[in-house]
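Here is the structure we will look at, set down as structure tokens.
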Amino acid sequence: LHFPTQPIMAHKNETSQNTTVEKSQNNNLPKLFIHGPLKLSSILQPHPSHNFHILNPSPSLPLHQFISTDPHHASDIAAIFCTGLYPLNADILRLLPSLRVIVTSSAGTDHIDLSECRRRGIQVAGVGDLFSDDVADMAVALLIDVFRKITAADRCLRRQLQSASWDFPLGFKLSGKKVGIVGLGRIGLEVAQRLEAFNCIISYNSRNKKPLVSYPFYSTVLDLATNTSILILCCELNNQTRHIINREVMLALGKGGVIVNVGRGALIDEKELLRCLIEGEIGGAGLDVFENEPNVPKEFFALDNVVLSPHAAVLTSESFSGIKQLVEQNLIAFFSNKPLITPVI
Ligand SMILES: O=CC(=O)O
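Quick look at the structure:
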């Protein structure tokens, strides 16, 4: 990924007079705050075509500090561009009386209090289907890696511990395995489609049975785990799904069972996952997300049946080009009184 360190200046030949005019015009435009890590500002940079004004094109202050430096700041903010893991809970939203729209660069929206947004009439735009392929690819990659021990073997070779394949522990065949998908939304369906090509036998659990889907449906994750040997977590995190994968589910999955998580870390009771992996109660895990990011429990590092990725499933060069366009399009549409391109609510 390439993150420019300096904002790309869109109007290099501009005169200082134009800049003054633009600044004063900008003062009348609705104000947007970028709520996220420094890198988020490389996705949304000031541009003359914008019908909004970015208050912090290189975010240096977290939102609550920005607000507390001057009480006027809070009432200035009409829009927020945020990313996952940067909370916009009811307490923070209460500080922003003029907020009308939130655009998030994440597929997950668990960091935003959507019911408070609904109550306040704040619109929220997400990423639509933009990341589904990348996340599904990553889920399958993690799964193949756990089964075929690719990164474990790579580590061995690099450390020159083993070079003869006969010395290396056997992997497991993926083709034909029974796979349970938890959350058959856009991403879950993409995962299912990919694994059908591996002759895997797909079933799923989700809030409701999908009328147009022929895969067997299990109304509980426990039943799904009992009838499969692989669980792939693609659902959103909410009060119903927090720790949906608990010890009972892991024991039902069984000693050869594998869990892949490309959803949110807190879908799994992480302490129990570690215990089950260490005690051999399940066979392995492929994890792109963790319960208390950015912290990854270091006990995972010693386990060769675990493949780890730093919440990177959505991070491709293509997805970043896509998100840049989509965020701008959503904001420009909103401030032109047009419908959001990818509305969440
Ligand atoms: O996890 C990444 C996302 O929600 O987009």
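Position in the sequence shown counted from 1, then plus 14, gives you our numbering.
Glycine residues also receive a C-beta, built at the ideal position from the N, C-alpha and C atoms.
Contact set for residue i: own chain, Cβ-Cβ below 6 angstroms, skip 5 residues either direction
i: G271; result: S243, I296 and G297
i: E284; result: E305
i: F161; result: G185, F186 and L188
i: F349; result: P44, N65 and F66
i: I323; result: It is worth fixing the name first, because residue 323 is Ser in this sequence and not Ile. The residues are D302.
i: T372; result: Only positions 15 to 359 of the chain appear in the structure, and residue 372 is not among them; the question remains open.
Distance between beta carbons of residue j and residue i, contact taken as under 8 angstroms
i: F95; j: I48; result: 5 angstroms
i: L245; j: L238; result: 7 angstroms
i: L281; j: N319; result: No, L281 and N319 are not in contact; Cβ-Cβ is about 19 angstroms, not under 8 angstroms.
i: V358; j: T123; result: 6 angstroms
i: A88; j: L110; result: 6 angstroms
i: V235; j: V193; result: Rounded, the Cβ-Cβ distance is 14 angstroms, inconsistent with contact.
i: V141; j: S112; result: No, V141 and S112 are not in contact; Cβ-Cβ is about 25 angstroms, not under 8 angstroms.
i: L77; j: I106; result: 7 angstroms
Same chain, Cβ closer than 8 angstroms to residue i, neighbours up to 5 away in sequence not counted
i: K269; result: G294, E295, I296 and G297
i: A326; result: M152 and D302
i: A104; result: D127 and E130
Cβ-based burial, residue i [other Cβ within 10 Å; buried from 16]
i: N344; result: buried
i: P225; result: exposed
i: E204; result: buried
i: P73; result: buried
i: N253; result: exposed
i: F315; result: exposed
i: K45; result: buried
i: V35; result: Reliability of the predicted coordinates at V35 is poor, the pLDDT of 40 falling under 50, and no value is obtained from them.
i: A92; result: buried
i: N309; result: exposed
i: R108; result: exposed
i: L171; result: exposed
i: L75; result: exposed
i: S233; result: exposed
i: S228; result: exposed
i: R278; result: buried
i: Q207; result: exposed
i: D159; result: buried
i: S335; result: exposed
Cβ-based neighbour list, residue i, same chain, cut-off 7 angstroms, excluding 5 preceding and 5 following
i: L265; result: E295
i: K37; result: Residue placement at K37 is flagged as unreliable, the pLDDT there being 47, under the threshold of 50; a coordinate-derived value is accordingly withheld.
i: K191; result: C214, S243 and I244
i: L12; result: Because the chain is modelled from 15 through 359, residue 12 falls outside the range shown and cannot be assessed.
i: V341; result: I57, L58, F95, V117 and S119
i: N275; result: L247, L281, I282, L301, D302 and V303
i: G361; result: Any question about residue 361 goes unanswered here, given that the chain covers just 15 to 359.
i: D143; result: R200
Proximity test, residue i beta-carbon vs ligand 2 heavy atom, cut-off 7 angstroms
i: H49; result: This structure lacks ligand 2; the ligands present are ligand 1.
Neighbour flag for residue i against chain B, beta carbons, 8 angstroms
i: L238; result: Going by chain labels, chain B is absent from the structure shown, which holds only one protein chain.
Cβ contact check for the region 216-232 and the region 156-167: 3 or more pairs under 8 angstroms: no
Ranges of the beta strand (DSSP E) found wholly within the region 315-347, counting only runs of at least 3: Runs of the beta strand (DSSP E) inside the region 315-347: 320-322.
Meets three-Cβ-pair contact criterion under 8 angstroms: the region 60-75 and the region 129-148: Cβ pair count under 8 angstroms is below three, so no.
Segments assigned beta strand (DSSP E), at least 3 residues, entirely inside the region 249-299: 272-275
Entirely enclosed alpha helix (DSSP H) segments - the region 141-219, minimum 4 residues: 146-162, 164-172 and 200-210
Completely contained beta strand (DSSP E) runs for the region 34-105, where each covers 3 or more residues: 45-49 and 91-96
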